[in-house]
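S.K.: Quick note: the first sequence uses my numbering, first residue 288, plus one each step.
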Amino acid sequence: MTIIRNGLSKAQDTLKRKLITEDDYNWKLGESEEDESSGVQVLKYIGGFDISFSKHHPSSACGTLVVLDFKTLNVVYEDSSIVTIDVPYVPGFLAFREAPVFVQLLKKMQDSSHSCYPQLLMIDGNGILHPRVGDLMLLVVKNGFGSACHLGVLADLPTIGVGKNLHHVDGLTNSRVRELLEAEDNFNVGFIPLVGDSGNTLGAALHSSKGSFKPIFVSVGHRVSLASAVEIVKRTCKYRVPEPIRQADIRSRDYLRKHH
DNA sequence: GCGACAG
DNA sequence: ATCTTGTCGC
Numbered sequence: 288m289t290i291i292r293n294g295l296s297k298a299q300d301t302l303k304r305k306l307i308t309e310d311d312y313n314w315k316l317g318e319s320e321e322d323e324s325s326g327v328q329v330l331k332y333i334g335g336f337d338i339s340f341s342k343h344h345p346s347s348a349c350g351t352l353v354v355l356d357f358k359t360l361n362v363v364y365e366d367s368s369i370v371t372i373d374v375p376y377v378p379g380f381l382a383f384r385e386a387p388v389f390v391q392l393l394k395k396m397q398d399s400s401h402s403c404y405p406q407l408l409m410i411d412g413n414g415i416l417h418p419r420v421g422d423l424m425l426l427v428v429k430n431g432f433g434s435a436c437h438l439g440v441l442a443d444l445p446t447i448g449v450g451k452n453l454h455h456v457d458g459l460t461n462s463r464v465r466e467l468l469e470a471e472d473n474f475n476v477g478f479i480p481l482v483g484d485s486g487n488t489l490g491a492a493l494h495s496s497k498g499s500f501k502p503i504f505v506s507v508g509h510r511v512s513l514a515s516a517v518e519i520v521k522r523t524c525k526y527r528v529p530e531p532i533r534q535a536d537i538r539s540r541d542y543l544r545k546h547h
């Protein structure tokens, strides 16, 4: 197992060299006034990706890519694919299971020059809120490289990582996060920065919808800042899980049920 | 040594 | 991730 982890870590480090953790895109969030009429690009198409697995066939799964209209949150594109996944799940290396299907679905959309190709993707898993994988050429590793980072680099698209559970890393534990959330002295507008023992801000915990005490964990995937990521996630939450991910989740499960 | 460990 | 019914509440 340790030999496997070493190989996966090395592959992760290679991709990590391309990671960008700041805003790097040519559109805006389309606040109100200066929208489309002013000529600037506005964020319109947000993609969501998820995989569901079969109960009796653990190696067969369904990957689903959806695209939603940022403003209406309507699903404007959907594509699912049944695949065989033999790569085992190893904590810290989730992306290696998801990457093949993800790339296949995205490439299909790209090749067909679809009009609603996503400007940004939301991934169910973490971004830089992820365990260290070792030093990178003597450089200090400032953050991890979760599946949202991994898929973002592969697609060369901005990505946001959204976890439903906390992956304990850099001293961040459920009890620690609970303390931070309860100590709402930081009456931040709904989210708490997650600062690890290293002093780095790895993500944010936020109560995304009214009826959920359980937070979601947002972190930078690729080519977006944490501030932008949080803002975008907030705007796409009708329920606890942001719509792009929720829709991909629901539809991948449905598709798998119908076709297996 | 033991437990923890995204989906 | 997946195994799973009802149930309490807005």
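The beta carbon of each residue, even a glycine, is placed where N, CA and C say it ideally should be.
1. Residue ranges of each beta strand (DSSP E) run of no fewer than 3 residues wholly in the stretch 336-390, ordered along the chain?
2. Where does Y376 land, buried or exposed, given buried means 16+ other C-beta within 10 angstroms?
3. Compare the beta carbon distance of I519 and F336 with 9 Å and say whether it is the shorter of the two.
4. Tell me, to the nearest whole angstrom, how far the beta carbon of L355 is from that of V363; I am working on the premise that it is less than 8 Å.
5. Mind checking whether L392 and K525 have CB atoms under 9 Å apart?
6. Can you tell me where the alpha helix (DSSP H) with G294 in it begins and where it stops?
7. Using a Cβ-Cβ cutoff of less than 6 Å, which residues in the same chain neighbour C403 once the five nearest sequence positions on both sides are dropped?
8. Would G498 and V449 be called neighbours here (beta carbons separated by less than 9 Å)?
9. Looking only at its chain, what residues have a beta carbon closer than 6 Å to the beta carbon of K358, apart from the 5 residues adjacent to it on each side?
10. Taking three-plus beta-carbon pairs below 8 Å as touching, is the stretch 379-396 in contact with the stretch 291-310?
11. Here's the rule: buried if 16 or more other CB atoms are within 10 angstroms of the residue's CB, otherwise exposed. What is S548?
M.R.: Quick answer:
1. 347-356 and 362-371
2. For this step, residue 376 is matched to residue 89 along the first sequence. So Y376 ends up on the exposed side.
3. Position 232 of the first sequence holds residue 519. Position 49 of the first sequence holds residue 336. Contact: no.
4. For this step, residue 355 is matched to residue 68 along the first sequence. For this step, residue 363 is matched to residue 76 along the first sequence. Between V363 and L355 the Cβ distance is about 7 Å, and since that is below 8 Å, they are a contact.
5. Locating residue 392 in the first sequence gives position 105, counting from the first residue. Locating residue 525 in the first sequence gives position 238, counting from the first residue. No, these two residues do not count as a Cβ contact at 9 Å.
6. Here residue 294 refers to the residue found at position 7 when the first sequence is read from its first residue. Where G294 is concerned, the enclosing alpha helix (DSSP H) stretches over T289 to K303.
7. In the first sequence, residue 403 corresponds to position 116, counting from 1. Within the same chain, C403 has close Cβ partners Y332, V354, V363 and Y364.
8. Position 211 of the first sequence, counted from the start, is the residue given in the question as residue 498. Position 162 of the first sequence, counted from the start, is the residue given in the question as residue 449. No. Outside cutoff.
9. The residue you call residue 358 lines up with position 71 of the first sequence. In the same chain as K358, and ignoring 5 residues on each side of it, no C-beta atom comes closer than 6 Å to its own.
10. yes
11. This structure cannot settle anything about residue 548, because the visible part of the chain is limited to 288 through 547.
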